[in-house]
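Student: Following this message is one structure expressed as structure tokens.
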């Protein structure tokens, strides 16, 4: 358990190469489905928002936090860029089609779970101010790297 003086960070949703297929996270679920030629299943109408961060940005933020003298409380290491789930699905479907020469998959809509928040967007102004840090990998680039990894590792049969 960390002491009061230990740096603390909340881990964001990561957009990373080492994500496991079927791990329940929207990025890996969408990528695996698109690579398999399956519909991307959105729960709700697609207007819920999320923020995504590539793993190297998270690592850099955590590295800076661990090497700082900051001890006043938690620091969000995330990405304050906000995208709708619809936008994410469209980006994944388009990138997978472009990168694999497969037909672009469809997007379908399903009932949204009652406990699913409409907005998830971290407040990272403290990380920017105290650590001189902010994420640098745009969503499109992080998705491209993650799709490349899934294809190269043949995660999808």
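In our numbering, the protein residues as written are 1352 to 1508. Every residue gets a Cβ at the ideal spot worked out from N, C-alpha and C, and that includes glycine.
1) Which same chain residues, not among the five before or five after residue 1488, have their C-beta less than 6 Å away from its C-beta?
2) Put residue 1401 into one of helix, strand or coil per three-state DSSP.
3) As an exercise, report each continuous beta strand (DSSP E) stretch of at least 3 residues that is fully enclosed by the stretch 1381-1440, in chain order.
4) Could you tell me the alpha carbon to alpha carbon distance between residue 1478 and residue 1393, rounded to whole angstroms?
5) Figure out for me which residue from 1395, 1443, 1384 has the closest Cα to the Cα of residue 1462.
6) Could you tell me the alpha carbon to alpha carbon distance between residue 1438 and residue 1447, rounded to whole angstroms?
7) Between residue 1458 and residue 1472, what straight-line distance do the alpha-carbon atoms span, to the nearest angstrom?
8) Buried or exposed, going by whether 16 or more other CB atoms sit within 10 Å of the CB of residue 1299?
9) What residue range is occupied by the uninterrupted alpha helix (DSSP H) comprising residue 1497?
Tutor: The answer reads as follows:
1) As a position in the chain shown, residue 1488 is number 137, starting the count at 1. Answer for residue 1488: 1405, 1408, listed in chain order.
2) The residue labelled residue 1401 in the question sits at position 50 within the chain shown. Three-state DSSP puts residue 1401 in a strand.
3) Taking 3 residues as the minimum length, the beta strand (DSSP E) runs contained wholly in the stretch 1381-1440 are 1391-1394, in order along the chain.
4) Here residue 1478 refers to the residue found at position 127 when the chain shown is read from its first residue. Here residue 1393 refers to the residue found at position 42 when the chain shown is read from its first residue. Rounded to the nearest angstrom, the two C-alpha atoms are 31 Å apart.
5) One-based indexing of the chain shown puts residue 1462 at position 111. Nearest C-alpha to residue 1462: 1395.
6) As a position in the chain shown, residue 1438 is number 87, starting the count at 1. As a position in the chain shown, residue 1447 is number 96, starting the count at 1. Going from the Cα of residue 1438 to the Cα of residue 1447 covers about 14 Å.
7) Locating residue 1458 in the chain shown gives position 107, where the first residue counts as 1. Locating residue 1472 in the chain shown gives position 121, where the first residue counts as 1. Each residue's Cα considered, the two are about 23 Å apart.
8) In the structure displayed, the chain extends from 1352 to 1508; residue 1299 sits before or after that span and is not available.
9) Here residue 1497 refers to the residue found at position 146 when the chain shown is read from its first residue. The continuous alpha helix (DSSP H) containing residue 1497 extends over residues 1490-1503.
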